[in-house]
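Protein chains in written order, with UniProt numbering: chain X, 1 to 376; chain B, 1 to 270. Cβ coordinates follow ideal geometry from the N, Cα and C atoms, glycine included.
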Amino acid sequence: MNGIDLSAIRKRFGETEVVKGLDLTIAEGEFLVILGPSGCGKSTLLRLIAGLEDVTQGRIRIGGRDVTHEEPGRRGCAMVFQNYALYPHMTVAGNMAYGLKVAGVPRRERAERVARIAGMLELGALLDRRPHELSGGQRQRVAMGRAMIRSPRVFLFDEPLSNLDAKLRAQLRLDIKRLHRDLGTTSVFVTHDQLEAMTMADRMVVMNGGRIEQAGTPQEIYRRPATRFVAGFIGAPAMNIFPALIDEAGRAMVSGGWYPCPDAVWALPPGTEVDLGVRPADVLPGAPAPGRPAFTPDVSEDVGTEVHLHARGAGLDLTLSAPAGAALPQNDFSVSFPAAAAHCFAGESGQRAALRPTQKPERTDETWTATSLSFT
Amino acid sequence: MKADTRRLVVHAPMIVLSLLAVFPVWWMVVTSLKPENEIFSTRLWPASPSLENYAYVLDAIPMIRILWNTFAMAAATALAQVLTGLCAAYALTRWRFRGSGIAQGLIALSWLVPFQLTMIPNYVLATKLGMLNTIAGLVIPNAAAAFAVLVLTNAMRSFPKDLIDAARMDGAGHLRVLCEVVVPNLRAPLASLGVLAFISAWNEYFWPLLLTRRIEDTVVQIGLQMFMTQEGNQWGAMMAAATLASLPILLLYLVLHRQIIDSFMRSGIR
Ligand SMILES: Nc1ncnc2c1ncn2[C@@H]1O[C@H](COP(=O)(O)OP(=O)(O)OP(=O)(O)O)[C@@H](O)[C@H]1O
Ligand SMILES: [Mg+2]
């Protein structure tokens with residue numbers, strides 16, 4: 001029973017509201033990743049859970065117990081900070097054991113537990129060093145050890161890997177996943193790196209401007225982004241988005257009478273202004289044809305496993321990606337995509353629109369899934 | 001050659017300034033060692049140095065007792081100022097409360113209030129509380145200093161916030177955070193502030209003059225005055241007493257001068 005339950009959380013700093021009424025339930029043992037652009041309130045949300053900030057409104061429950069007004073030390077949360085936040089005047093062992101010392105654990109037991117955790121994190125040889133004598137990766141492992149030692153009910157991570165180089169980051173990502181598999185502790189992990197988010201998350205929450213845009217598994221969020229913001233934010237290269245207009249039949253028409261996805265009929269009234277989206281991997285290039293704008297290849301990027309082609313046409317930018325070695329258009333080409341690969345977002349809030357029910361249901365068969373999964 | 005000239009140009013004024021600063025101290029020590037008949041000679045070292053002035057000082061006034069009073073007063077004042085400053089700085093920087101800005105403004109403003117303005121009310125209060133002739137009476141009105149609060153508030157501002165948050169996550173309360181995380185990492189500013197407070201308390205003159213009536217309850221700065229009499233100044237004795245009065249400060253400096261210079265060069269950690 002170590003889940004977290006947030007209901008109607010609001011946080012205001014003076015006049016500015018940073019978290020704007022947020023509901024979220026995190027299941028016991030879940031590895032939840034919070035992803036969002038800089039300044040969207042991720043850290044603030046984490047600090048609210050930790051108790052380092054007081055909520056302006058709302059309730060926080062951890063393991064069924066209301067901890068809204070509990071001191072941070074008594075909530076059973078442990079936190080790993082972006083810049084490690086190790087105590088500079090204490091040794092590695094001292095850093096790890098400080099929480100136990102505060103809790104009044106006798107010296108001998110402290111030493112035993114430090115030794116055990118140090119063994120798990122391969123810190124055994126470093127116990128007598130000071131933080132300034134450690135490398136970044138080692139410091140981060142000490143910070144992890146400090147978090148683990150009190151066997152907390154919840155781990156909170158605030159961008160713990162963003163100060164490390166790419167290789168170390170990948171390494172520690174695995175270490176954290178492995179630890180989570182072995183310990184099964186409920187974890188909330190904040191990041192603005194979507195690769196990190198997609199690879200680590202059991203479930204993912206995309207935040208923007210203090211609100212949750214979408215919550216779901218990485219696959220759900222990648223395949224069926226709930227809003228225009230999520231569609232543009234998740235996936236690299238980013239989804240192609242064309243402004244379009246719904247016609248009498250419910251099809252989306254991009255300016256100039258072009259129907260890039262004529263099969264899709266949307267459940268929207270005629271005349272609605274929408275954004276029509278398609279992942280670069282789902283774009284089907286074809287021969288130039290009348291009535292369809294011609295796109296001219298501009299720059300291509302080879303990232304090893306796949307190639308991204310950037311093209312321009314009819315005042316629109318388009319990105320197309322294909323597996324390495326696949327044939328890419330060399331000359332002007334036209335573009336279309338299947339209804340199953342089309343995303344449509346309508347209105348101010350950019351909510352996802354549904355296909356009209358008469359339409360055959362959205363395809364989720366294997367072949368299509370395979371291409372849509374590839375992102376870097 | 002060129003570098004040498006440059007060094008000379010840079011160092012010469014410093015040497016002159018140092019001599020200017022050291023000379024009065026030197027003269028004080030030399031005069032204190034002169035016997036009565038040599039007192040007004042201008043030689044840089046007495047012809048027949050003697051300790052008779054020191055013997056006279058120790059005999060004429062309870063000098064040891066007075067030095068001890070001064071030390072106790074200065075140490076207690078410095079400690080109190082550092083402690084109150086630290087607590088205030090922690091509260092001002094770490095707690096968000098209504099009116100914290102006003103509180104900080106008032107503290108800064110109190111720095112500008114001249115001593116003469118608070119002298120009489122404080123004196124009346126101290127008398128009513130029975131603090132005449134006591135060390136407590138000397139210390140308590142100076143136990144909190146705006147200067148200390150401002151200096152430490154600044155140091156706390158640049159103190160890494162995450163470190164305190166980490167300690168709070170480890171379950172430490174505010175007092176524990178202050179003692180076990182903040183203080184060990186703020187040693188340099190705390191030490192320099194303590195030294196400054198100690199020296200300025202040691203040199204305090206007016207307040208002890210008002211508050212102490214008996215020679216055995218007083219402090220050195222008042223003690224020195226005993227040798228300025230109606231019949232003229234006893235220069236030898238006064239200089240001997242002044243030398244004795246400056247020794248503890250000198251010792252303090254010798255012991256701590258590395259830390260003091262260090263902390264004036266940089267503030268905060270890192
Ligand atoms: N103590 C504070 N006082 C006032 N405003 C704050 C405070 N802490 C955060 N904010 C504001 O709240 C907003 C969200 O901050 P937060 O640190 O939660 O963003 P974030 O999503 O973690 O961003 P990043 O990815 O850059 O870390 C920002 O606009 C920030 O300026
Ligand atoms: Mg942040």
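First and last residue of the beta strand (DSSP E) that includes M207/X? Numbered from 1 along the first sequence, position 207 holds the residue referred to as residue 207/X. It spans 203-208 - the beta strand (DSSP E) in which M207/X sits, taken as one unbroken run.
Contacting positions in the region 89-104 of chain X - beta carbon closer than 8 Å to chain B: Within the region 89-104 of chain X, the qualifying residues are H89, Y98, G99, V102, A103.
Please check the pair V195/B and N69/B, which I expect to be a contact at CB under 8 Å, by giving their CB distance rounded to whole angstroms. Counting from 1 along the second sequence, the entry for residue 195/B is found at position 195. Counting from 1 along the second sequence, the entry for residue 69/B is found at position 69. Rounded, the Cβ-Cβ distance is 20 Å, inconsistent with contact.
In the structure shown, what three-state DSSP assignment does G137/X receive? On the first sequence, position 137 is the one that residue 137/X refers to. DSSP, read as helix, strand or coil, puts G137/X in helix.
To be precise: take each residue of the region 171-186 of chain B, compare its Cβ to all Cβ atoms of chain X, and keep it if any distance is under 9 Å. Which residues remain? Against chain X - using a Cβ distance shorter than 9 Å - the residues of the region 171-186 of chain B are G171, A172, G173, R176, E180, V181, P184, N185.
Short CB-CB distance (under 8 Å) between C344/X and chain B: Here residue 344/X corresponds to residue number 344 of the first sequence, with the count starting at 1. For C344/X, the answer is no, since every Cβ of chain B falls outside 8 Å of its Cβ.
Among V177/B, F71/B, S48/B, which has the Cα closest to the Cα of L138/B? If you number the second sequence from 1, residue 138/B lands on position 138. Of V177/B, F71/B, S48/B, the residue nearest in Cα terms is F71/B.
Would you list the residues whose beta-carbon is nearer than 6 Å to any heavy atom of ligand 1, in the order they occur in the chain? In chain order, the hits are F13/X, V18/X, G36/X, S38/X, G39/X, C40/X, G41/X, K42/X, S43/X, T44/X, H192/X.
Taking 7 Å as the cut-off, is the beta-carbon of D158/X closer than that to any non-hydrogen atom of ligand 2? Working through the first sequence from its first residue, we reach residue 158/X at position 158. At least one heavy atom of ligand 2 lies closer than 7 Å to the C-beta of D158/X.
Between the region 65-80 of chain X and chain B, which residues of the former have a C-beta closer than 8 Å to a C-beta of the latter? Within the region 65-80 of chain X, the residues whose Cβ lies closer than 8 Å to some Cβ of chain B are E71, P72, G73, R74, C77, A78, M79, listed in chain order.
Residues of its chain near R110/X, where Cβ-Cβ distance is below 8 Å and the 5 sequence neighbours each way are ignored: As a working mapping, residue 110/X is identified with position 110 in the first sequence. If we look at R110/X and ignore the five residues flanking it on each side, its Cβ neighbours are A97, L100, K101.
For a contact defined as C-beta to C-beta under 8 Å, what are the partners of N208/X on chain B? Numbered from its first residue, the first sequence carries residue 208/X at position 208. Against N208/X, chain B offers no close residue; the least beta-carbon distance is about 25 Å (beta-carbon pairs closer than 8 Å).
Exposed or buried, E366/X, counting other C-beta atoms within 10 Å across all chains shown (16 or more means buried)? By 1-based counting over the first sequence, the position of residue 366/X is 366. Model confidence at E366/X stands at a pLDDT of 42, short of 50, so the residue's coordinates are unreliable and nothing is read from them.
How would you call V177/B, buried or exposed, if buried means at least 16 neighbouring beta carbons within 10 angstroms? Looking up residue 177/B in the second sequence gives position 177. When all chains shown are included, V177/B counts as buried.
Taking only beta-carbon atoms, is A52/X less than 8 Å away from chain B? Residue mapping note: residue 52/X aligns to position 52 of the first sequence, counting from 1. A small correction: the amino acid at residue 52/X is Leu; Ala does not occupy that position in the sequence shown. It does: the Cβ of L52/X has a partner Cβ on chain B nearer than 8 Å.
On a Cα-Cα basis, can you pick out the residue from E231/B, T31/B, D217/B that is closest to I64/B? Within the second sequence, numbered from 1, the residue matching residue 64/B stands at position 64. Comparing Cα positions, the closest option is D217/B.
Between which two residues does the alpha helix (DSSP H) containing L100/X stretch? Locating residue 100/X in the first sequence gives position 100, counting from the first residue. Segment 92-102, the alpha helix (DSSP H) holding L100/X.
Kindly say whether R168/B, judged by its beta-carbon, lies nearer than 8 Å to any beta-carbon of chain X. Indexing the second sequence from 1 puts residue 168/B at position 168. Interface residue, yes.
Roughly how many angstroms separate the alpha carbons of E30/X and R173/X, rounded to a whole number? Taking the first residue of the first sequence as position 1, residue 30/X is located at position 30. Taking the first residue of the first sequence as position 1, residue 173/X is located at position 173. Whole-angstrom Cα-Cα distance: 16 Å.
Give the straight-line distance between the Cα atoms of P285/X and E213/X, rounded to the nearest whole angstrom. For the purposes of this step, residue 285/X is taken as residue 285 along the first sequence, with counting starting at 1. For the purposes of this step, residue 213/X is taken as residue 213 along the first sequence, with counting starting at 1. If you draw a straight line from the Cα of P285/X to the Cα of E213/X, it comes to about 32 Å.
Rounded C-alpha distance that separates N133/B from G105/B: Walking along the second sequence from the start, residue 133/B turns up at place 133. Walking along the second sequence from the start, residue 105/B turns up at place 105. Inter-residue distance for N133/B and G105/B is about 34 Å (C-alpha atoms, whole angstroms).
Complete alpha helix (DSSP H) runs within the region 127-164 of chain B (minimum length 4 residues, chain order): Whole alpha helix (DSSP H) segments, 4+ residues: 135-139, 146-157.
With a CB to CB cut of under 8 Å and the five nearest residues on each side skipped, what residues in its chain are close to R157/B? By 1-based counting over the second sequence, the position of residue 157/B is 157. Spatial neighbours of R157/B in its own chain (CB-CB distance under 8 Å, excluding positions within 5 residues in sequence) are listed in chain order as T93.
Residue-chain proximity (N83/X, chain B), Cβ-Cβ < 8 Å: Here residue 83/X refers to the residue found at position 83 of the first sequence. It does; some Cβ of chain B falls within 8 Å.
Of all the options R116/X, I62/X, A115/X, D128/X, which has the alpha carbon lying nearest to the alpha carbon of V92/X? The residue labelled residue 92/X in the question sits at position 92 within the first sequence. When C-alpha distances from V92/X are compared across R116/X, I62/X, A115/X, D128/X, the shortest belongs to D128/X.
Check whether the Cβ atoms of A252/X and V274/X sit closer than 8 Å, and answer yes or no. Position 252 of the first sequence, counted from the first residue, corresponds to residue 252/X. Position 274 of the first sequence, counted from the first residue, corresponds to residue 274/X. Contact: yes.
According to a CB-to-CB cut-off of less than 8 Å, which residues of the region 143-168 of chain B neighbour chain X? Within the region 143-168 of chain B, the qualifying residues are P160, D162, L163, D165, A166, A167, R168.
Spell out whether any CB of chain B is found under 8 Å from the CB atom of Y87/X. Numbered from 1 along the first sequence, position 87 holds the residue referred to as residue 87/X. It does; some Cβ of chain B falls within 8 Å.
What are the boundary residues of the alpha helix (DSSP H) that includes Q171/X? Stepping through the first sequence from its first residue, residue 171/X is reached at position 171. Start and end: 166-183.
Take the Cβ of K128/B as the centre, count every other Cβ of all protein chains shown within 10 Å, and call the residue buried at 16 or more, exposed below. As a working note, residue 128/B is residue 128 in the second sequence. Burial state of K128/B is exposed, judged by a 10 Å Cβ sphere holding fewer than 16 other Cβ atoms.
With a threshold of 8 Å on Cβ separation, who are the neighbours of R150/X within its own chain once the five nearest residues in sequence on each side are excluded? Counting from one through the first sequence, the residue named residue 150/X turns up at place 150. Excluding sequence neighbours, R150/X sits near A78, G99, L100, A103.
Three-state class that DSSP yields for D282/X in the structure shown: Counting from one through the first sequence, the residue named residue 282/X turns up at place 282. D282/X: helix per DSSP, three-state reduction.
Does the region 219-229 of chain B come into contact with the region 97-104 of chain B, if we say contact requires no fewer than three beta-carbon pairs (one atom in each stretch) closer than 8 Å? Judged by pairs of C-beta atoms under 8 Å, the region 219-229 of chain B does not touch the region 97-104 of chain B, as fewer than three such pairs exist.
So the alpha helix (DSSP H) Q104/B belongs to, where does it begin and stop? By 1-based counting over the second sequence, the position of residue 104/B is 104. Here the alpha helix (DSSP H) through Q104/B covers 100-110.
Distance cut-off 7 Å: P243/X Cβ against heavy atoms of ligand 3: Among the ligands modelled here, namely ligand 1 and ligand 2, ligand 3 does not occur.
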